[in-house]
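Comments concern the structure below.
There are 2 protein chains.
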Amino acid sequence: MVRLVSVCASLTDDELALLEQLAMPTHFASGDTLFSQGADAHCVYNVTGGVVRLYKLLSDGRRQVVGFALPGDFLGLAMRDAYGFSADAIGDVAVCSFSRGAYTALVDAKPHLLKRLHEFATHELTLAHEQMMLLGRRTAEEKLICFLLGMQQRWARLGKPSVTVPLPMTRQDIADFLGLTIETVSRTFTRLAKEKTILIVPGGVRVMNPERMLAVAA
Amino acid sequence: MVRLVSVCASLTDDELALLEQLAMPTHFASGDTLFSQGADAHCVYNVTGGVVRLYKLLSDGRRQVVGFALPGDFLGLAMRDAYGFSADAIGDVAVCSFSRGAYTALVDAKPHLLKRLHEFATHELTLAHEQMMLLGRRTAEEKLICFLLGMQQRWARLGKPSVTVPLPMTRQDIADFLGLTIETVSRTFTRLAKEKTILIVPGGVRVMNPERMLAVAA
DNA sequence: CTTCGGATTTGATCCAGATCAATGCGGCAA
DNA sequence: TTGCCGCATTGATCTGGATCAAATCCGAAG
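This is the structure:
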């Protein structure tokens, strides 16, 4: 099993052993749903491989992607009765799942772990505030550039630093994350490629002019 | 002193006494800045009276209001070195402030409190996800109606249920919260008033047709 | 190799909300 | 009372991104 990144870094060995006992390794095929918005929250998940799309739907079908979970990310940590969003696999995904009961018991018993989870939650909240700025006040080009730099940074923190940013999600997913349409995303990618800011490669994008991109993200 | 709502509900008496020893009651006049984005995070605040505007700025002056803090709300709980947003008083504001050192020491010592804070943070995260949906996918009219219903609900939970929703913030603040311009906010208010969905009163809005509003918020 | 179906790109046109520009409306200081 | 000075409203016009409408591309199945 992939060592649980991010949440477990500060645990003692016995705590880690306990955690691994409770962890149920599971995997999902491309497109599978881990859980749906409003469903009873049985499980908490730690992603160990692959990418998960997190999203909310409006009754008329409008969709907002609230995030993409990468290895190390924690899902369903809002200790509530029902999931606040839906999650499904983009490509094959591996997770460690914990039953809600085991999770809450463990959290009650181990302040270390709770503290780590709280840090994780506040970090998520900070990212959410940045996403609000992006959604409310940035232009289409800025949105896309911020998204690319953000993904690059996240992959880098996972030990995969590269000028080529993998983008396993569809254009529609990106559009729904950035509050745009698929056409605007596509056109903006094309424009950035034409002016040699990026190079579009299969499965992702190569950053060609990081200076310009960082200046736009400001 | 107003009893600390929301965070301290589950504390034992001795814990509460300890907390009150550490709490420094402070107040701010209208327009005063509690703290600025990027500044060293000395203090954590619990709002006890008034309303606080929380916002982020882009270098060119574009502003995104990430929230309005009401009595009971906690500010600066992201245990980090620097504040992630700025906060200033809308009208007179009373808070209990805690030094960062005292706060972290207390949190380390009292798992109860940490658990409450974590619940608070995850609730904030859920609200942030809803705000992303609103910013990314809703129309101007929907944004305004959701905002009004949300504020009404928050005042109600604080023991002030009323069909008249107080709006102490300016139109510009509302616009910057909803990702709109002040003109669009004003026009949309006027339109809703003309069709008798709301009645605009000094300092706020009276909800006249909650059924229609709830249907739009869906 | 060919065919099919979803994803993506590209083009033409439209429109919700932005921008530009007055005007109105208190509240408060002199 | 008068005159500001910030808000807020209203009107006219513009435009970035949405919508509508075809192509293209491409990987998987046969």
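Chains as they are written, first to last, in full-length UniProt numbering: chain C, 1 to 218; chain D, 1 to 218. Ideal Cβ placement from N, Cα and C applies to all residues, glycine included.
Under 6 Å Cβ to Cβ from D:L19, same chain only, skipping five residues before and after it: list those, please. Within the second sequence, the letter at position 19 stands for residue 19 of chain D. Within the same chain, D:L19 has no close Cβ partners at all.
Apart from the five residues on each side of it in sequence, which residues of its chain come closer than 6 Å, Cβ to Cβ, to C:L144? Residue numbering aside, residue 144 of chain C sits at position 144 when the first sequence is read from its first letter. The residues are T188.
Just list the residues that DSSP pairs C:M24 with in beta bridges. In the first sequence, counting from the first residue as 1, residue 24 of chain C sits at position 24. Answer is C:S97, bridged to C:M24.
Rounded straight-line distance, which links the Cα of C:R80 to that of C:E183: Sequence index remark: in the first sequence, residue 183 of chain C carries index 183 (1-based). Sequence index remark: in the first sequence, residue 80 of chain C carries index 80 (1-based). About 37 Å.
Does any residue of chain C have a CB that is nearer than 8 Å to the CB of D:M132? Residue numbering aside, residue 132 of chain D sits at position 132 when the second sequence is read from its first letter. Yes, D:M132 counts as interfacial toward chain C.
Note down, in chain order, every chain C residue with its Cβ under 8 Å from the Cβ of D:V66. Taking the second sequence and counting its residues from 1, the one referred to as residue 66 of chain D is at position 66. Near D:V66 (Cβ distances below 8 Å), the residues of chain C are H129, M132, M133.
Alpha helix (DSSP H) segment containing C:A69, residue limits: Position 69 of the first sequence, counted from the first residue, corresponds to residue 69 of chain C. From DSSP, C:A69 is part of no alpha helix (DSSP H) but of the beta strand (DSSP E) over 63-69.
Cβ-Cβ distance between D:V52 and D:F74 below 8 Å: Locating residue 52 of chain D in the second sequence gives position 52, where the first residue counts as 1. Locating residue 74 of chain D in the second sequence gives position 74, where the first residue counts as 1. Taking 8 Å as the Cβ cut-off, D:V52 and D:F74 do not qualify as a contacting pair.
Three-state secondary structure (DSSP) at C:G72? For this step, residue 72 of chain C is matched to residue 72 along the first sequence. Note: C:G72 maps to coil in three-state DSSP.
Would you mind giving the Cβ-Cβ distance between D:L106 and D:A140, rounded to the nearest angstrom? I have them listed as a contact below 8 Å. Counting from one through the second sequence, the residue named residue 106 of chain D turns up at place 106. Counting from one through the second sequence, the residue named residue 140 of chain D turns up at place 140. Rounded, the Cβ-Cβ distance is 44 Å, inconsistent with contact.
Rounded to the nearest angstrom, how far is the Cβ of D:A41 from that of D:R100, given a contact under 8 Å? Residue mapping note: residue 41 of chain D aligns to position 41 of the second sequence, counting from 1. Residue mapping note: residue 100 of chain D aligns to position 100 of the second sequence, counting from 1. Correct: roughly 6 Å between the Cβ atoms.
Is the CB of C:S86 under 8 Å away from at least one CB in chain D? Position 86 of the first sequence, counting from 1, holds the residue named residue 86 of chain C. Taking Cβ atoms only, chain D never reaches closer than 8 Å to C:S86, which makes this a no.
At 3 residues or longer, what runs of the beta strand (DSSP E) sit wholly inside the UniProt domain "HTH crp-type" (138-211) of chain C? 164-166, 198-201, 204-207
Where does D:D108 sit, in a helix, a strand or coil, going by DSSP? In the second sequence, residue 108 of chain D corresponds to position 108, counting from 1. Of the three classes helix, strand and coil, the one that applies to D:D108 here is helix, per DSSP.
Would D:D59 count as contacting chain C if we go by Cβ distances under 8 Å? Here residue 59 of chain D is taken as the residue at index 59 of the second sequence, counted from 1. Just to set this straight, residue 59 of chain D is Ser in the shown sequence, not Asp. So, interface residue.
Does any CB atom of chain D fall closer than 8 Å to the CB of C:E124? Locating residue 124 of chain C in the first sequence gives position 124, where the first residue counts as 1. Yes, C:E124 lies at the interface with chain D (some Cβ there is under 8 Å from its Cβ).
State yes or no: is the beta carbon of C:G72 nearer than 8 Å to at least one beta carbon in chain D? For the purposes of this step, residue 72 of chain C is taken as residue 72 along the first sequence, with counting starting at 1. For C:G72, the answer is no, since every Cβ of chain D falls outside 8 Å of its Cβ.
Buried or exposed, going by whether 16 or more other CB atoms sit within 10 Å of the CB of D:V205? On the second sequence, position 205 is the one that residue 205 of chain D refers to. Result: buried.
Could you tell me the distance, in whole angstroms, from the CA atom of D:M213 to the CA atom of D:L149? Here residue 213 of chain D refers to the residue found at position 213 of the second sequence. Here residue 149 of chain D refers to the residue found at position 149 of the second sequence. Roughly 8 Å separates the two Cα atoms.
With DSSP collapsed to three states, give me the class of C:G136. Numbered from its first residue, the first sequence carries residue 136 of chain C at position 136. Secondary structure at C:G136: helix, using DSSP grouped into helix, strand and coil.
Backbone secondary structure at C:Y45 - three-state DSSP: Position 45 of the first sequence, counting from 1, holds the residue named residue 45 of chain C. Reduced to three states, the DSSP call for C:Y45 is strand.
Label D:M151 either buried or exposed according to how many other C-beta atoms from any shown protein chain fall within 10 Å of its C-beta, with 16 as the threshold for buried. What you label residue 151 of chain D is simply residue 151 of the second sequence in a count that begins at 1. D:M151 should be labelled buried.
Using the three-state DSSP reduction, which class does D:F120 fall into: helix, strand or coil? The count along the second sequence starts at 1 and reaches residue 120 of chain D at position 120. The answer is helix: DSSP assigns D:F120 an H, G or I state.
Buried or exposed by the 16-neighbour rule on C-beta atoms within 10 Å, applied to C:M24: What you label residue 24 of chain C is simply residue 24 of the first sequence in a count that begins at 1. That one is exposed.
Thinking C-beta only, is D:V95 closer than 8 Å to D:T26? Counting from one through the second sequence, the residue named residue 26 of chain D turns up at place 26. Counting from one through the second sequence, the residue named residue 95 of chain D turns up at place 95. Result yes, Cβ atoms of D:T26 and D:V95 sit closer than 8 Å.
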